[in-house]
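J.:
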Amino acid sequence: MMQPAPTNIPPPTMEQQHHHYQQQQGGGGGGGGGIMPPQQQQQQPWMMMPPQQQWNPQQVQQQVSIPPLQQQQLPPHQMIQQPQQVQQYSALPQPTSSDEIRTLWIGDLQYWMEETYLTSCFAHTNEVLTVKVIRNKQTGQSESYGFIEFVSRAAAERVLQSFNGTVMPNTEQNFRLNWATLGSGEKRADDGTDYTIFVGDLASDVSDYTLQETFKTHYPSVKGAKVVTDRITGRSKGYGFVKFADESEQVRAMTEMNGMFCSTRAMRIGPATNKKTVGTQQQYPKASFQSSDATQSENDPNNTTVVIPSLKHSSCWWPGVEGTEQELAPQGSLL
DNA sequence: GCTGAGCGG
Numbered sequence: 001m002m003q004p005a006p007t008n009i010p011p012p013t014m015e016q017q018h019h020h021y022q023q024q025q026g027g028g029g030g031g032g033g034g035i036m037p038p039q040q041q042q043q044q045p046w047m048m049m050p051p052q053q054q055w056n057p058q059q060v061q062q063q064v065s066i067p068p069l070q071q072q073q074l075p076p077h078q079m080i081q082q083p084q085q086v087q088q089y090s091a092l093p094q095p096t097s098s099d100e101i102r103t104l105w106i107g108d109l110q111y112w113m114e115e116t117y118l119t120s121c122f123a124h125t126n127e128v129l130t131v132k133v134i135r136n137k138q139t140g141q142s143e144s145y146g147f148i149e150f151v152s153r154a155a156a157e158r159v160l161q162s163f164n165g166t167v168m169p170n171t172e173q174n175f176r177l178n179w180a181t182l183g184s185g186e187k188r189a190d191d192g193t194d195y196t197i198f199v200g201d202l203a204s205d206v207s208d209y210t211l212q213e214t215f216k217t218h219y220p221s222v223k224g225a226k227v228v229t230d231r232i233t234g235r236s237k238g239y240g241f242v243k244f245a246d247e248s249e250q251v252r253a254m255t256e257m258n259g260m261f262c263s264t265r266a267m268r269i270g271p272a273t274n275k276k277t278v279g280t281q282q283q284y285p286k287a288s289f290q291s292s293d294a295t296q297s298e299n300d301p302n303n304t305t306v307v308i309p310s311l312k313h314s315s316c317w318w319p320g321v322e323g324t325e326q327e328l329a330p331q332g333s334l335l
């Protein structure tokens with residue numbers, strides 16, 4: 001009902017924060033799982049819970065900027081990231097160059113994952129500068145991706161390495177992170193051509209990371225891997241792609257890795273039908289992908305970059321530390 | 001289960 005001042009990350013009712021995620025709240029017979037699917041909003045106490053319905057695109061600030069000095073009057077016993085008056089900027093690695101790429105792209109976001117959620121996810125690093133979820137200008141709905149800017153490229157890389165492939169809090173899907181490429185900083189992580197293969201017959205538990213490592217141990221030029229997942233459920237569709245920087249390794253992998261086991265199943269490898277950069281024809285980062293109507297951007301009422309002042313310590317999640325396995329049902333629960 | 005999608009201000 002009442003929502004906190006929009007000038008900051010709206011902290012939920014603090015007296016309820018202690019619950020964190022448990023599996024038996026309000027639950028009944030142990031089958032419900034720990035999280036409420038958004039549609040059956042049962043007033044979940046935490047901040048990362050879905051629907052607050054109170055969100056109104058109209059009243060979102062252009063840019064939620066929180067100067068570090070603006071300390072809040074919050075008791076110290078509140079363990080959720082409250083920037084109190086700590087200014088630990090001195091301890092943070094300063095960006096070496098302004099043009100340094102230090103923003104990560106994050107995808108596969110559920111619609112209820114707002115800036116608050118993402119902020120909490122990475123708060124412990126104490127190195128997040130801004131967090132932003134991209135929303136549809138008309139509907140205000142999340143476009144399922146966002147950006148996380150860090151204080152340095154090194155910090156971003158650290159998160160990229162440690163979080164990618166780990167489970168997102170309150171979900172059963174994994175983080176999908178990558179370097180931001182199209183936005184501010186030209187393109188990066190693209191040293192030229194990449195050679196992709198198709199990998200089918202993947203076991204359901206194979207993640208981007210798993211797939212990548214499976215190949216990388218044999219082929220050092222592996223640049224990345226992606227398991228195609230269902231947008232709604234976040235589950236694997238059973239196939240994916242692996243990118244190589246070296247064409248010879250790609251060719252070798254096609255035969256050498258075919259039939260090899262990844263997790264519990266033998267992979268089936270084939271060439272990826274990728275019209276871009278199969279060998280040549282790579283001149284421009286990305287041509288205009290849109291050709292339809294040109295709905296000019298307005299003032300971007302949905303621009304909701306959240307600038308994190310200086311995150312102290314907070315109770316958030318470390319990758320791999322799955323204190324509680326949230327066996328939740330898929331959001332759509334259509335299977 | 002079998003050729004993705006995912007780049008703003």
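The opening residue of the first sequence carries number 1 in full-length UniProt numbering; numbering runs sequentially from there. A virtual CB, placed ideally from N, CA and C, is assigned to each residue, including glycine. All figures in this text were calculated on a predicted structure; none of them were measured in a lab.
Distance, Cα to Cα, T119 vs S162?
T.: If I take the Cα positions, the gap works out to 16 Å.
J.: Determine which residues share a DSSP beta bridge with G224 and list them.
T.: Beta-bridge pairing links G224 to K243.
J.: Pull up the DSSP beta-bridge partners for Q268, would you.
T.: Just to set this straight, residue 268 is Arg in the shown sequence, not Gln. The partner list for R268 (beta bridge, DSSP) reads G200.
J.: Assign K132 to buried or exposed, taking buried as 16 or more other Cβ atoms, counted over all protein chains shown, within 10 Å of its Cβ.
T.: Answer is buried; the Cβ neighbour count reaches 16.
J.: Give a yes or no on whether the C-beta atoms belonging to F198 and M257 are separated by under 8 Å.
T.: No, Cβ-Cβ distance for F198 and M257 is not below 8 Å.
J.: Return the chain-ordered list of same chain residues with a C-beta closer than 6 Å to the C-beta of K226, the five sequence neighbours on each side being excluded.
T.: Closer than 6 Å at Cβ, skipping near neighbours: D208, G240 and F241.
J.: Taking S142 as the reference, which of L160, R235, G107 and A154 has the closest Cα?
T.: Nearest C-alpha to S142: G107.
J.: Please classify W112 as buried or exposed, where buried requires at least 16 other C-beta atoms within 10 Å of its C-beta.
T.: The residue is buried, with at least 16 neighbouring Cβ atoms inside 10 Å.
J.: Grouping DSSP H, G and I as helix and E and B as strand, with all else coil, what is V206?
T.: V206: coil per DSSP, three-state reduction.
J.: Comparing C-alpha positions only, which one of R265, I232 and F244 sits nearest to T171?
T.: When each option's Cα is compared against that of T171, the closest is I232.
J.: Shortest alpha-carbon distance to R176 belongs to which of V228, V307 and P271?
T.: Ranking the options by Cα distance to R176, first place goes to V228.
J.: Return helix, strand or coil for V133, following the three-state DSSP convention.
T.: Here V133 sits in strand by DSSP.
J.: Considering only the beta carbon of each residue, do A253 and D194 sit closer than 8 Å?
T.: In this structure, D194 does not lie closer than 8 Å to A253 by Cβ.
J.: Leaving out five residues before and five after Y145 in sequence, what residues of the same chain have Cβ atoms less than 7 Å from its Cβ?
T.: Once the five neighbours on either side are set aside, the close Cβ partners of Y145 are W105, I106, G107, L109 and I134.
J.: Nearest to V128 by CA position, among G140, K137 and L160, is which residue?
T.: When each option's Cα is compared against that of V128, the closest is L160.
J.: So T125 and A155 are in contact, right, with Cβ under 8 Å, and what is the actual spacing, rounded?
T.: About 7 Å separates the two Cβ atoms, so the contact holds.
J.: Please report how far the alpha carbon of E157 lies from the alpha carbon of K137, in whole angstroms.
T.: Spanning the two alpha carbons is a distance of roughly 30 Å.
J.: Hey, could you find the ends of the alpha helix (DSSP H) F163 is sitting in?
T.: Where F163 is concerned, the enclosing alpha helix (DSSP H) stretches over R153 to F163.
J.: Within 10 angstroms of its Cβ, does P169 collect 16 or more other Cβ (buried), or is it exposed?
T.: It is buried - the Cβ of P169 has at least 16 other Cβ atoms within 10 Å.
J.: If we call anything under 8 Å between Cβ atoms a contact, is residue 361 one with A180?
T.: With the chain represented from 1 up to 335, any question about residue 361 goes unanswered, as that position is not in the structure.
J.: Can you tell me whether DSSP reads E143 as helix, strand or coil?
T.: Strand at E143.
J.: Would you report the Cα separation of T116 and S152, rounded to the nearest angstrom?
T.: So the alpha carbons of these two residues sit roughly 21 Å apart.
J.: When the Cα of C262 is compared with those of N174, E213, E114 and T166, which residue comes out closest?
T.: Nearest of N174, E213, E114 and T166 to C262, Cα basis: E213.
J.: Run through DSSP, which three-state label would Y195 get?
T.: Correct three-state label for Y195: strand.
J.: Roughly how many angstroms lie between the CA atoms of Q173 and T264, to the nearest whole one?
T.: Taking the straight line from one Cα to the other gives about 19 Å.
J.: So, for L202: in the same chain, excluding its five sequence neighbours on each side, which residues have a beta-carbon less than 8 Å away from its beta-carbon?
T.: Counting only Cβ-Cβ distances below 8 Å, and skipping sequence neighbours, we find L211, V227, S236, G238, Y239, G240, C262, S263, R265 and M267.
J.: Measuring alpha carbon to alpha carbon, tell me which residue in S248, A123 and A272 is nearest V307.
T.: Answer by Cα proximity: A123.
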